[in-house]
Amino acid sequence: MARSAAFAAVAGVFGLFMLALLHLAAVVWLAEDHGELRAVLYVAAADAVIAGLFLLVARRNKYRRVADEALEIRRDSLRMVRHSSPVNEVTNLVPWRGLAVGLAGRVGVGIGRKLLFAVFALIFGRRRRRR
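Just so we're aligned, residue 24 is where the sequence shown starts under my numbering, counting upward by one.
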């Protein structure tokens, strides 16, 4: 893996030198007719145009709108799941929901304490008997 990365780096360096030599050749060729300063400016302007084209291609993302829409749909669905639950929907059908929940809470607390006490008694009672 490291060997192929090293070869890729060497190829990149050679490509960079090739581009520099092509620029130098273009400047020398244009300098014969237009002078050195204009030749350098022409090559720099051509580089700016090419860089601008690559920048436009890089910034143009045809999937961006689709991705934004998918993200918005995902956020909406998560928001809907958070704000609605099946239990809430079922309890909204019962007209006396407040009374039913209040009674269940009072009865449930009493039963819960008794069950918890019974479970602890069974667990700790058996341990004491075994010793």
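Beta carbons: idealized from backbone N, C-alpha and C, even for Gly. Keep in mind the model is a prediction, meaning the values are calculated, not measured.
Under three-state DSSP, which class holds residue i?
i	result
arginine 83	coil
glycine 58	coil
phenylalanine 40	helix
methionine 24	coil
arginine 151	Since pLDDT at arginine 151 reaches only 49, below the 50 mark, its modelled position is unreliable, and the value read off the structure follows with that caveat. Helix at arginine 151.
Decide if residue i is buried, meaning its Cβ has at least 16 other Cβ atoms within 10 Å, or exposed.
i	result
arginine 151	With a pLDDT of only 49 at arginine 151, under 50, the local geometry of the prediction cannot be trusted, and no value is derived from it.
Rounded to the nearest angstrom, how far is the Cβ of residue i from that of residue j, given a contact under 8 angstroms?
i	j	result
leucine 53	valine 66	7 angstroms
alanine 34	valine 50	The pair is not a contact, with the Cβ atoms about 25 angstroms apart (cut-off 8 angstroms).
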